[in-house]
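Some notes on the structure that comes next.
Numbering (this note's numbering), first residue to last: 7 to 283.
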């Protein structure tokens, strides 16, 4: 049975919806966790495939390959990854910025936006994210929020909110890829091929029933169905050539904040006909 990681955020549902509705079917064991948890389990060999943080591919470039045409990204505003600041972003300087321990790619993206594009040198501190956490009240100047917590969040008056997907797009003109389906190299190609087909079928199944699934999942993520459906509609779940350019540009810039040299994109299975969700 192939072990598949599942991000415990609403943004993963559009690719995994059908598999989640049939637990254990077709030889797939689904293991749920936050991004950092799935990243660690994939690296430890406890998972075979996961929609891991996109930065993990460069960190484990000799161990992983990618499933084609599967990603979580946005071509502009993402809404679920935002920096909330008590001062204008350009004024952060060397201020304290709190970042969630559950994240990986979003923290690297934030560093690019602040350090590379704006020339700032803030200090970073990890924090445990939940709906009630507000590091700014405890002395931080800004805080990064991710996932459904960010979607549910309404910043207090007077605070600046920077959508990281929109800011990346303004600076680069490219979409941003937050997660890609990564497979360990030792997983047999035949098993990966079957899983790849199931994932693409699941994504298509989601499209046909998105409104119904928004009603089903809204209570789970404590979001109104129309908010959840609108959020899903704003994301991209493919990995076409333009998305790949955005991913490779992220890897190139990530080197400037200390990440490994970017590898070529290597596919675990032969790409099927590509198309946007």
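C-beta: ideal position from N, C-alpha, C; glycine also.
Counting only runs of 3 or more residues that sit fully inside the region 126-166, the beta strand (DSSP E) segments are 129-133, 148-152, in chain order.
Positions of the beta strand (DSSP E) runs, each at least 3 residues long and wholly inside the region 168-195, are given as 182-190 in order along the chain. Residue 159 has its alpha-carbon roughly 13 Å from the corresponding atom of residue 227. Residue pairing by DSSP places residue 242 opposite 79 in a beta bridge. Excluding sequence positions up to five before and after residue 265, its CB lies within less than 8 Å of the CB of 61, 64, 65, 114, 257, all in the same chain and listed in chain order.
Exposed is the label assigned to residue 213, since fewer than 16 other Cβ atoms lie within 10 Å of its Cβ. About 7 Å separates the beta carbon of residue 10 from that of residue 35, a gap short enough to meet the 8 Å contact definition.
Boundaries of the beta strand (DSSP E) around residue 35: 34-39. Relative to residue 16, the option among 135, 262, 233 whose CA is nearest is 233. The three-state reading of DSSP puts residue 108 in coil, since its state is none of H, G, I, E or B. For residue 199, the three-state secondary structure derived from DSSP is helix. In this structure, the CA atom of residue 248 is about 32 Å from the CA atom of residue 221. As the crow flies, the alpha-carbon of residue 72 is around 7 Å from that of residue 186. In its chain, beyond the 5 residues on either side, 208, 211, 212, 219 have a beta carbon closer than 7 Å to the beta carbon of residue 23. Bounds of the alpha helix (DSSP H) holding residue 252 are 247-260. In this model, residue 183 and residue 230 are separated by some 25 Å (Cα to Cα). Counting other Cβ atoms within 10 Å of its Cβ, residue 163 stays below 16 and is therefore classed as exposed. In this structure, residue 133 lies near residue 141, with their beta-carbon atoms less than 7 Å apart.
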